[in-house]
Amino acid sequence: MIGAQTNLYAIIGKPIKHSLSPKLHNSMFEKYNIDAVYVAFEVNNLKQAIEGIRGLGIKGINITLPFKNEAIQLVDYLDQEAKIIGSINTIKNLNGELFGFNTDYLGFFETIKDTDCSKNICILGAGGASSACIYAFYKKGVKTLNIYNRTFKNAFKLKERFSDLITLNIIEKKDVYKSEIIVNTTSVSLSENEFVLDLNLLNKNTLLVDIVYNSPLIKHAKAFGINGIDGNRMFVYQAYWAFKIWTGIEFDINYAFEVINGNH
Ligand code: ATR
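When the letters of the sequence shown are read in order and numbered with UniProt numbering, they come out as residues 1 to 264.
1) Relative to the ligand ATR, is the shortest distance from any of its heavy atoms to the C-beta of Ala-82 smaller than 7 angstroms?
2) So within the segment 197-244, which uninterrupted alpha helix (DSSP H) runs reach at least 4 residues, ignoring any that extend past its ends?
3) Tell me which residues pass a beta-carbon proximity test against the ligand ATR: closer than 7 angstroms to any heavy atom, given in chain order.
4) Specify whether the segment 168-183 and the segment 111-125 touch according to this definition: at least 3 beta carbon pairs, one from each stretch, less than 8 angstroms apart.
5) Applying the criterion that 16 or more other CB atoms from any shown protein chain within 10 Å of the CB defines a buried residue, is His-264 buried or exposed?
6) Within its chain, find whatever has a CB closer than 6 angstroms to the CB of Leu-207; leave out the 5 residues flanking it on each side and keep chain order.
7) Within a Cβ cutoff of 6 angstroms, which residues of the same chain sit near Phe-224, ignoring the five residues on either side of it in sequence?
8) Kindly indicate the opening and closing residues of the beta strand (DSSP E) around Phe-41.
9) On the three-state DSSP scale, how would you describe Tyr-177?
10) Since Ala-10 sits in a beta bridge, which residues does DSSP pair it with?
11) Taking only three categories from DSSP, how would you classify Leu-168?
12) Are the beta-carbon atoms of Asn-146 and Ser-187 separated by less than 8 angstroms?
13) Return the first residue and the last residue of the alpha helix (DSSP H) that Gly-127 is part of.
14) Assuming residue 265 and Ile-229 form a contact by the criterion Cβ under 8 angstroms, report the distance between their Cβ atoms to the nearest whole angstrom.
15) Give a yes or no on whether the C-beta atoms belonging to Lys-173 and Tyr-135 are separated by under 8 angstroms.
16) Name the one or two DSSP bridge partners that Asn-184 has.
17) Would a C-beta distance cut-off of 8 angstroms place Leu-65 and Gly-13 closer than the cut-off?
18) On the three-state DSSP scale, how would you describe Gly-100?
19) Helix, strand or coil for Asn-95 per DSSP?
20) Buried or exposed: Asp-104, going by 16 or more other Cβ atoms within 10 Å of its Cβ?
21) Write down the C-beta distance between Ala-221 and Ala-239 rounded to the nearest angstrom, noting that I regard them as a contact closer than 8 angstroms.
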């Protein structure tokens, strides 16, 4: 039961109402008998929200759209990997000192772990999520990636950020369709009606990966006979690593999938 000793965890973002994180983390707190509760806050002012974490002694937070990049400047310590990626999705509060981590890249690494990455790969988008995916490909041993983004200069910034680790070729939209693996990291697939790609132009052998869970893009692609992977695995694994950072516990992955599939 929630009492005076109960610890608070939260996710902050805007919009946030669609998030499955409260459901997953609260199920795990219950499963492992941890006296804690996880809630969602829709935030307008990130700086004030982060000060609130310190002020109220909130033990840990997840950060989602659109704050993952901005949050990096507001913590006291940054994990080495988060520093390279340039964004954080997890904060641990230790006695008022905030430690920032990126567990998105670990989640994406798990998504591509068994994929043959010697192919022609294209990343769509050049935000914080894109950066985490690029780093995961680097960790998988990939040396070169193509990248397409609506705004060239944002893709160029990532090219520079990763120049010591991995070669990013900035390509035009028409060339995206030549790829064997396409990873959508833009926020466009969050919408049911707008797609970042024309599915008619995709080669049927292309593997389409989206980082959004229950992705409408992947659902539609499958209806077109295109092989797709959505963000469910990435979601579960980013939560797994965040939970471990906060509690030290490695939660049961199968149970996590059952929770997000509505079986608990
Ligand atoms: P995140 O942290 O999830 O990566 P972000 O940093 O806001 O979020 O990045 C969003 C990405 O989606 C960007 O690459 C953005 O393209 P721009 O750099 O041109 O802004 C991309 N994006 C968002 N809306 C888009 C749209 N309607 N069409 C194409 N790309 C879009």
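All residues carry an ideal CB built from backbone N, CA and C; glycine is no exception.
Judging by the given coordinates:
1) Counting from 1 along the sequence shown, the entry for residue 82 is found at position 82. Every heavy atom of the ligand ATR is 7 angstroms or more from the Cβ of Ala-82, so no.
2) DSSP runs (the alpha helix (DSSP H)) wholly in the segment 197-244: 216-223.
3) For the ligand ATR, the selected residues are Leu-65, Pro-66, Lys-68, Asn-69, Ser-87, Gly-125, Ala-126, Gly-127, Gly-128, Ala-129, Ser-130, Asn-149, Arg-150, Thr-151, Asn-154, Thr-185, Thr-186, Ser-187, Val-188, Glu-194, Val-196.
4) Put simply, the segment 168-183 touches the segment 111-125. At least three CB pairs are less than 8 angstroms apart.
5) For the purposes of this step, residue 264 is taken as residue 264 along the sequence shown, with counting starting at 1. Flag for His-264 reads exposed.
6) Residue mapping note: residue 207 aligns to position 207 of the sequence shown, counting from 1. Result list for Leu-207: Ile-181, Asn-227, in chain order.
7) Against the sequence shown, residue 224 aligns to sequence position 224. Within the same chain, Phe-224 has close Cβ partners Leu-199.
8) Working through the sequence shown from its first residue, we reach residue 41 at position 41. Element bounds for Phe-41: 36-42.
9) Looking up residue 177 in the sequence shown gives position 177. Under the three-state reduction of DSSP output, Tyr-177 falls in the coil class, being neither helix nor strand.
10) Along the sequence shown, read from residue 1 onward, the residue named residue 10 stands at position 10. DSSP, once it has assigned bridges, lists Val-39, Ile-61 as partnering Ala-10.
11) The sequence position of residue 168 within the sequence shown is 168, counting from 1. If DSSP states are grouped into helix, strand and coil, Leu-168 belongs with the strands.
12) The count along the sequence shown starts at 1 and reaches residue 146 at position 146. The count along the sequence shown starts at 1 and reaches residue 187 at position 187. The Cβ-Cβ distance between Asn-146 and Ser-187 does not fall below 8 angstroms.
13) For the purposes of this step, residue 127 is taken as the residue at position 127 of the sequence shown. That residue, Gly-127, is in no alpha helix (DSSP H); it is neither H nor E in DSSP.
14) Because the chain is modelled from 1 through 264, residue 265 falls outside the range shown and cannot be assessed.
15) Residue 173 sits at position 173 when you count from the first residue of the sequence shown. Residue 135 sits at position 135 when you count from the first residue of the sequence shown. For Lys-173 and Tyr-135, no; Cβs fall outside 8 angstroms.
16) Here residue 184 is taken as the residue at index 184 of the sequence shown, counted from 1. DSSP lists Leu-124, Asp-210 as partners of Asn-184.
17) On the sequence shown, residue 65 is found 65 positions in, with the first residue counted as 1. On the sequence shown, residue 13 is found 13 positions in, with the first residue counted as 1. The answer is yes: Cβ separation under 8 angstroms.
18) One-based indexing of the sequence shown puts residue 100 at position 100. Collapsing the DSSP output to three states places Gly-100 in a strand.
19) On the sequence shown, residue 95 is found 95 positions in, with the first residue counted as 1. In the structure shown, Asn-95 sits in coil (DSSP, three-state: anything other than H, G, I, E or B).
20) Within the sequence shown, numbered from 1, the residue matching residue 104 stands at position 104. The residue in question, Asp-104, is buried, as its Cβ has 16 or more Cβ neighbours within 10 Å.
21) Numbered from 1 along the sequence shown, position 221 holds the residue referred to as residue 221. Numbered from 1 along the sequence shown, position 239 holds the residue referred to as residue 239. Between Ala-221 and Ala-239 the beta-carbon gap is near 25 angstroms, outside 8 angstroms, which marks them as no contact.
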